[in-house]
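A.B. asks: Just so you know, the sequence shown maps onto residues -4 to 76 in this note's numbering. Cβ atoms here follow ideal geometry from the backbone N, Cα and C, with glycine treated the same way. Fair warning: this is a prediction, and the values are worked out from it, not measured in the lab. Okay, here's the structure, questions in a sec.
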Amino acid sequence: MVTVIDFLVELGASVLEMFRIIAVDVAAGGPIALVSSLLGALVIAFSVGFVGYLVFGALVRELGVPFPSPGRGPREAPPRR
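Right, dumping it as structure tokens:
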């Protein structure tokens, strides 16, 4: 039977092996492969970071922290005549 610790150890080893395969076998295959790997990693990092930013903002707002809304300032009183 596999325990949670065994699963986490195997997951960590697999992630390290994935990085080794990408760095040694794929990226070292030539300059186009290196640029392609770096651009792919950049796109994925930006996507994950942006979604994480949105999720963090949604969770903080759910906890009751008020955020300023752009374009929705206090209403101005009508001018007196």
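(1) How far does the alpha helix (DSSP H) with D1 in it reach, from first residue to last?
(2) Have a look at A28 and G7 and give me their C-alpha separation to the nearest angstrom.
(3) Our contact map puts S32 next to A22 with C-beta atoms below 8 Å; I'd like the distance itself, whole angstroms only.
(4) Taking the straight line between their C-alpha atoms, what separation do you get for V55 and P63?
C.D. replies: In short:
(1) Numbered from its first residue, the sequence shown carries residue 1 at position 6. Its alpha helix (DSSP H) spans residues V(-1) to R15.
(2) For this step, residue 28 is matched to residue 33 along the sequence shown. For this step, residue 7 is matched to residue 12 along the sequence shown. Straight-line Cα distance between these residues: approximately 25 Å.
(3) The residue you call residue 32 lines up with position 37 of the sequence shown. The residue you call residue 22 lines up with position 27 of the sequence shown. Sure, about 5 Å apart at Cβ, within 8 Å.
(4) Taking the sequence shown and counting its residues from 1, the one referred to as residue 55 is at position 60. Taking the sequence shown and counting its residues from 1, the one referred to as residue 63 is at position 68. Rounded to the nearest angstrom, the two C-alpha atoms are 13 Å apart.
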